[in-house]
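The structure appears right after this line, and notes come after that.
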Amino acid sequence: MKFSRRFPFVHRTRVQEPAPIARGGHKYARTTVLSAGIAIPAVIAALAVINPGIKVAEVDLVDGAVWITNTSDLKLGRFNTQINELNGAVFASDPTFDVRQDGNRVLLVQANRVAAVDPANMAIAQDVGVPTGSNVELGGTTVAILTPEGNLFAQEFSNLAPVSQQSEPTLELGTGAAMTVASDGTVYGLDPATGLVMAWNPLGQGEPHQIQLPDAEHLDQAQLTVVGQTPVALAGTMLFTPKAAVSLAQYGGDPVLQQAGARRGSVLVATSSALLDVNLQPGKITPLPASP
Numbered sequence: 000m001k002f003s004r005r006f007p008f009v010h011r012t013r014v015q016e017p018a019p020i021a022r023g024g025h026k027y028a029r030t031t032v033l034s035a036g037i038a039i040p041a042v043i044a045a046l047a048v049i050n051p052g053i054k055v056a057e058v059d060l061v062d063g064a065v066w067i068t069n070t071s072d073l074k075l076g077r078f079n080t081q082i083n084e085l086n087g088a089v090f091a092s093d094p095t096f097d098v099r100q101d102g103n104r105v106l107l108v109q110a111n112r113v114a115a116v117d118p119a120n121m122a123i124a125q126d127v128g129v130p131t132g133s134n135v136e137l138g139g140t141t142v143a144i145l146t147p148e149g150n151l152f153a154q155e156f157s158n159l160a161p162v163s164q165q166s167e168p169t170l171e172l173g174t175g176a177a178m179t180v181a182s183d184g185t186v187y188g189l190d191p192a193t194g195l196v197m198a199w200n201p202l203g204q205g206e207p208h209q210i211q212l213p214d215a216e217h218l219d220q221a222q223l224t225v226v227g228q229t230p231v232a233l234a235g236t237m238l239f240t241p242k243a244a245v246s247l248a249q250y251g252g253d254p255v256l257q258q259a260g261a262r263r264g265s266v267l268v269a270t271s272s273a274l275l276d277v278n279l280q281p282g283k284i285t286p287l288p289a290s291p
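Sequence positions in the sequence shown follow numbering that gives the first Met the number 0 and run 0 to 291.
See below:
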C-alpha cells in the first residue's frame, strides 16, 4: 500500500449522520433498504405508485428530497417526500448510470464520468471523466474514486477534477481493493492482500492511520463499510472486524454490508434469507425478525 499525502480540501460542511442502509461493496444495492434508525416504507410505496420499478438512492432525508433513477428514460429524478411527487430531473447518457446522495449533495455516476448535480437549478454543475469501471462514494463533502487498478482519489464535492490513468492517486491499494467514506468525509481504503485499512481525513486533520483486520488476507471481491470509526470488511461469507473474523455461511448467500453509519456496537448484514446484527467485538450474530 502506497500513500501520497496530498490534501486538496480547504472547506468542510458537517451533515447529519445518515442511518445505516444496506449497500454493496462496489455497487449499491439500491433495491435493498436496511435501516437501524429510520424507516421509509411510505416513501417506497409512494414511489412504486408514481413510477413502478424506479430505484431508490441511499439517502439522509433531512431535506425531504430523494433522488431516484429511471434507467429506461435515462432520468435522475428528485422525489419530494413531503408532497409525494417527482418535481424535477436531470438526464444521463449511459443506461447503467447510478446516483450517490448525502443530504443535498448529489452525484450522477456513469460508466466513465461523475457529475455533481445542482438541485436548486436542476442542472449539472460539474462533469468530469474517470476511468471506466471506477467505484465512486460520497460522504460529507468528500468524493472518493477507486479505479479498477486499486488507485484511490479523494476530492472535494465542490471542486471535482478529472481522473485518468496518468493522475497521481492519493492512495495505491492494489487490484481488488475496497473503500468507503464516512459521513464526516473520512476515507477508508482496504488493501485486500494484507487486510490493512488506511483511514485519513482529507483536510489533513491528524495523521493517516492503519487498522489491521485479523485474518483478512488475500480477500476476493471485498466490501467495506465503517461503523463510527470502526471499519468492517466482507468477502464471500466471511466478515472481518478489528476484533473478530466471523463466518456467515449458515445464514444464506449474497451477503451485503450496511452503508457507512454512526457509531454503534454492531454492524448490519443482509443475506438472501436473513437480516443479521453482528457484534463488532466478539462477533456474536443475532438474526433480526422480519417486518410484518
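All residues carry an ideal CB built from backbone N, CA and C; glycine is no exception.
Going by DSSP, which residues form a beta bridge with residue i?
i, result
"Ile210", "Val196"
"Arg77", "Trp66"
"Gln222", "Leu233"
"Asn150", "Glu171"
"Asp101", "Arg104"
"Ile82", "DSSP output for Ile82 lists no bridge partner at all."
"Glu155", "Thr141"
"Leu256", "Val268"
"Val162", "DSSP, once it has assigned bridges, lists no residue as partnering Val162."
"Phe239", "Ala232 and Ala244"
"Tyr187", "Thr179 and Ala198"
"Leu274", "Ala269 and Leu287"
"Phe90", "Lys74"
I'd like to know whether the C-beta atoms of residue i and residue j end up nearer to each other than 8 Å.
i, j, result
"Gly173", "Ala143", "no"
"Val129", "Arg104", "no"
"Gly188", "Ala243", "no"
"Thr80", "Gly102", "no"
"Leu73", "Ser92", "yes"
"Ala269", "Gly227", "no"
"Glu201", "Val186", "Residue identity differs from the one stated: residue 201 is Pro in this sequence, not Glu. Closer than 8 Å, so yes."
"Ala110", "Thr131", "yes"
"Phe96", "Leu85", "no"
"Arg99", "Val135", "yes"
"Ala259", "Val180", "yes"
"Gly139", "Ser182", "yes"
"Gly175", "Ala215", "no"
"Met197", "Leu218", "no"
"Ser163", "Leu145", "no"
"Pro161", "Val127", "yes"
8 Å is my cut-off, CB to CB: does residue i come that close to chain C?
i, result
"Met178", "Looking at the structure shown, chain C is missing, and only one protein chain is on hand."
Would residue i be called buried (16 or more neighbouring beta carbons within 10 Å of its own) or exposed?
i, result
"Val277", "buried"
"Asn279", "Asn is not the amino acid found at residue 279; the sequence shown has Leu there. Answer is buried; the Cβ neighbour count reaches 16."
"Pro230", "buried"
"Thr285", "exposed"
"Phe239", "buried"
"Phe78", "buried"
"Asp253", "exposed"
"Asp117", "exposed"
"Ala289", "exposed"
"Leu287", "exposed"
"Ser265", "buried"
"Gln209", "exposed"
"Gln249", "exposed"
"Gln165", "exposed"
"Pro51", "Unreliable positioning characterises Pro51 in this predicted model, as indicated by a pLDDT of 40, which lies under 50. A coordinate reading is not provided."
"Ser271", "exposed"
"Arg29", "Bear in mind that a pLDDT of 33 at Arg29, under 50, signals an unreliable position, so the number given afterwards is only what the model happens to contain. Buried is the call here."
Less than 8 Å between the CB atoms is what I'm expecting for residue i and residue j, so what's the real figure, rounded?
i, j, result
"Leu159", "Met178", "Wrong, their Cβ atoms sit about 17 Å apart, outside the cutoff."
"Phe156", "Ala115", "6 Å"
"Leu267", "Gln257", "4 Å"
"Leu233", "Gln211", "Between Gln211 and Leu233 the Cβ distance is about 16 Å, and since that is not below 8 Å, they are no contact."
"Gly87", "Met121", "4 Å"
"Thr68", "Pro94", "Not quite, the Cβ-Cβ distance comes to about 10 Å (not below 8 Å), so this is no contact."
With hydrogens ignored, establish whether the beta-carbon of residue i is closer than 7 Å to any heavy atom of the ligand FAD.
i, result
"Leu106", "In terms of ligand content, the structure shown is empty, and the ligand FAD therefore cannot be addressed."
Subject >> beta strand (DSSP E) runs contained entirely in the region 109-142, provided each spans 3 or more residues >> reply: 112-117, 122-128 and 134-138
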